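Below you'll find the structure, written out as structure tokens, and then a few comments.
Protein chains: 2
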Amino acid sequence: MLRTVFFISDGTAITAETLGHALLTQFAQLEFQQFRIPFIDSQEKAAEIALKINQQAITDGQCPLVFTTMVDQGLIATIAASNCQVFDLFAAFIKPLEQQLGVSAKPSVGAAHGLVDADGYEDRMEATNYALTHDDGMNIRFDDADIILIGVSRSGKTPTCLYLALHFGIKAANYPLTDDDMDESRLPAFLLKHKDKLIGLSINPERLSEIRQTRKPDSRYASLRQCRYETETAESMLRLSAVPVLRTTSSSVEEIASRIILEKNFQRPHFRYDIV
Amino acid sequence: MLRTVFFISDGTAITAETLGHALLTQFAQLEFQQFRIPFIDSQEKAAEIALKINQQAITDGQCPLVFTTMVDQGLIATIAASNCQVFDLFAAFIKPLEQQLGVSAKPSVGAAHGLVDADGYEDRMEATNYALTHDDGMNIRFDDADIILIGVSRSGKTPTCLYLALHFGIKAANYPLTDDDMDESRLPAFLLKHKDKLIGLSINPERLSEIRQTRKPDSRYASLRQCRYETETAESMLRLSAVPVLRTTSSSVEEIASRIILEKNFQRPHFRYDIV
């Protein structure tokens, strides 16, 4: 039996969904159907959702779970009056935090979401533009780069660069090693002069072949033999120049990005928080 | 006095940071210095962090706050033995969830982070590639698009498309209205034939002018007069074709993306959860 779960907030509800889902993964023996309900910022909208929850409870024959990060206790009360079990992800910690900090919380909807942090925002957008114009070797002047990812085609460079730019305002460029580079057996000079910025991405050749198959089926490009040659050559070139290498085979983009930040010891520049 | 805060997890610690920071915004009268500490997955690493926390406590003259989503209570105990106040974001909810669900949690580190959900991942990567190749009007064949964003230059189209693709696997294209389009006073036919996929982004002309100034200072392009003309013309063209319009002026990319998903009633396709 599917259990229904709602993630509800006055903002995007991304935080409620992220923590709520992480909690649900601890009950792997059960299955859940999950709905994210953003922008519930009035009694009218809360009442509408309460109605939906009641209907769902009838359909399911059991009460849905609700995870919320809303600040307004009046809105939470309206939802909690429906046939559901509310997990208030904020309330559980506000009291102990007040005790520890020695001051009272000032409930503030605006502070928790939606207000653009102008500086960080501009930097993130500039970094995104940088990532777009320094993708896939299309521009090899890397003077302004914070970081340069190196790897074979389809090793995860582009999405990682975009993620680093969009979320952290890091100017991330990437360069795919070409056949010519591989013939040389060493990294080109325009990379080596930025040695401190380099990070290699490596991927298991079997997995790489799978990924390339979906793009160009039955091509030399996708063959296991070619994928083996490229990944081995690339790794030995990176090792020769003592470039740190991260394995991407079973990692998400979020994880690779976090590893890069750790590896390069970036001060956390502009993480955006308004995603409650 | 700055209070020091650590967000610690065996995964990326993004969830701990996101909820932790949202809680701290409720204490706007205080200032915090915040550190995200990912990948603490062994007693050695936990002991190392405990040491850092103790040093920080001496420097600060007060104990740091720790927000964690770690599953392994042994690792949490090692950290909690240092001079700090731990907020265990998981533990607070596991017991009530067990009661509500009628089963015991099966603590699982792997389930909460890092394992690639292969299908969702492929779709997200394909969508990212789509967004990159259908950015800024560079390709106007929109048959495969899930959504097409329309707006003037610098209204937030590109980062929004990339976010929709990277996070939700939505194939998002965008098209900037050109001078020729504006002279016609109506949307071009290659857009109108995909009317259900269209969403307009509008932005306050003063803000647009500011943004363009940083790109091309003192240009006609950045002048308030030109920004007014373009935003007014674009909005009337969108209104004429009954295209829904979202205002981006004081919204974050995360918010705009959430509004679009709501507006188009997308089933949440492939939200990635492994960012604990």
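If you read the protein sequences in the order shown, they are chains A and B.
Residues 18 to 293 in the working numbering are what the first sequence spells out, letter by letter.
Residues 18 to 293 in the working numbering are what the second sequence spells out, letter by letter.
Glycine residues also receive a C-beta, built at the ideal position from the N, C-alpha and C atoms.
Predicted, not measured: the structure shown is a model, and the values here were computed from it.
Might you give, ordered along the chain, the residues of its own chain that have their beta carbon closer than 6 Å to the beta carbon of B/G127, omitting 5 neighbours on each side?
Model confidence at B/G127 stands at a pLDDT of 47, short of 50, so the residue's coordinates are unreliable; what they give is reported in the following sentence. Excluding residues within five positions, none has a Cβ falling inside 6 Å.
Just the C-alpha distance for B/T76 and B/Q50, rounded to the nearest angstrom, thanks.
The C-alpha of B/Q50 is placed about 13 Å away from the C-alpha of B/T76.
A/D105 - partner residues in DSSP beta bridges:
Paired residues: A/T85.
How big is the Cα-Cα spacing for A/D134 and A/S258?
With a pLDDT of 48 at A/D134, under the threshold of 50, the modelled position of that residue is not reliable, and the figure given next carries that caveat. About 40 Å.
Touching or not, the stretch 58-75 of chain B and the stretch 96-109 of chain B, by the rule of three or more beta carbon pairs under 8 Å?
yes
Give the interface partners of B/V103 over in chain A, defined as CB-CB distance under 7 Å, in chain order.
Per Cβ cutoff of 7 Å: no residues; B/V103 is ~10 Å from chain A at best.
Counting pairs of Cβ atoms below 8 Å between the stretch 143-160 of chain B and the stretch 112-122 of chain B, do you hit three or more?
no
Do A/V260 and A/I220 have their CB atoms nearer than 8 Å?
no
Closest residue to B/I25 among B/T42, B/A63, B/R203, B/Q79 (Cα-Cα distance):
B/A63
Below-8 Å beta-carbon distance, A/P113 vs any chain B residue
yes
Out of B/T250, B/T177, B/D89, which one is the CA nearest neighbour of B/Q60?
When the alpha-carbon of B/Q60 is set against those of B/T250, B/T177, B/D89, the nearest one is in B/D89.
From what residue to what residue does the alpha helix (DSSP H) around A/L36 run?
31-41
Output, in chain order, the set of chain A residues within a Cβ distance shorter than 8 Å of B/I31.
T35, E271, S275
Environment of A/L132 [buried if 16+ CB atoms lie within 10 Å]:
With a pLDDT of only 35 at A/L132, under 50, the local geometry of the prediction cannot be trusted, and the value read off the model is given with reservation. Looking at its Cβ environment, which holds fewer than 16 other Cβ atoms inside 10 Å, A/L132 is exposed.
What does A/L106 reach in chain B if we use C-beta pairs closer than 7 Å?
L36
Compare the C-beta of B/Q43 with all C-beta atoms of chain A and state if any pair is closer than 8 Å.
By this cut-off, B/Q43 is an interface position.
Could you say if the stretch 175-190 of chain B and the stretch 265-283 of chain B meet the contact criterion of at least three C-beta pairs nearer than 8 Å?
yes
By a C-beta neighbour count over all protein chains shown, 10 Å radius and 16 as the cutoff for buried, is A/G28 buried or exposed?
buried
Which bits of chain A does B/T86 rub up against, with CB to CB less than 7 Å?
A39
Burial state of A/M214 (16 or more Cβ within 10 Å):
As written in the sequence, residue 214 of chain A is Lys, which differs from the Met given in the question. Counting Cβ neighbours within 10 Å, A/K214 comes out buried, since at least 16 surround it.
Top-ranked residue by Cα proximity to B/L279, from B/L181, B/E139, B/H151:
B/L181
Can you check the stretch 214-272 of chain B for any alpha helix (DSSP H) of at least 4 residues that lies completely inside it and give the ranges in chain order?
222-232, 241-257
Are A/S170 and A/P193 touching if we call contact CB-CB under 8 Å?
yes
Span of the beta strand (DSSP E), counted from its first residue to its last, around A/I54
49-54
How long is the line joining the alpha carbons of A/F44 and A/E34, rounded to whole angstroms?
Each residue's Cα considered, the two are about 16 Å apart.
With a CB to CB cut of under 6 Å and the five nearest residues on each side skipped, what residues in its chain are close to B/A251?
V169, L194
Inter-residue spacing [alpha-carbon to alpha-carbon] between B/R229 and A/T175
26 Å
Residues of the stretch 178-189 of chain A with Cβ closer than 7 Å to any Cβ of chain B, in chain order:
L179, Y180, L183
What's the gap between the Cα of B/H130 and the Cα of A/R264?
Confidence in B/H130 is poor, its pLDDT being 38 and thus under 50, which makes the residue's placement too unreliable to answer from.
Would you tell me roughly how many angstroms separate the C-alpha atoms of A/E48 and B/Q117, rounded to the nearest one?
14 Å
How is B/H124 classed by DSSP in three states: helix, strand or coil?
Looking at the sequence provided, one finds Pro at residue 124 of chain B rather than His. The three-state reading of DSSP puts B/P124 in coil, since its state is none of H, G, I, E or B.
Check A/R20 in the structure and name its three-state DSSP category.
strand
Please state the DSSP three-state secondary structure of B/P176.
helix
May I ask you to list the residues that DSSP assigns as paired with A/N146?
Note: A/N146 sits in no beta bridge, so no partner.
Need the endpoints of the alpha helix (DSSP H) that B/A189 sits in, please.
It is not in any alpha helix (DSSP H) - B/A189 instead sits in the beta strand (DSSP E) that spans 189-193.
Apart from the five residues on each side of it in sequence, which residues of its chain come closer than 8 Å, Cβ to Cβ, to A/M307?
In the structure as shown, chain A begins at 18 and stops at 293. Residue 307 of chain A is therefore absent and cannot be evaluated.
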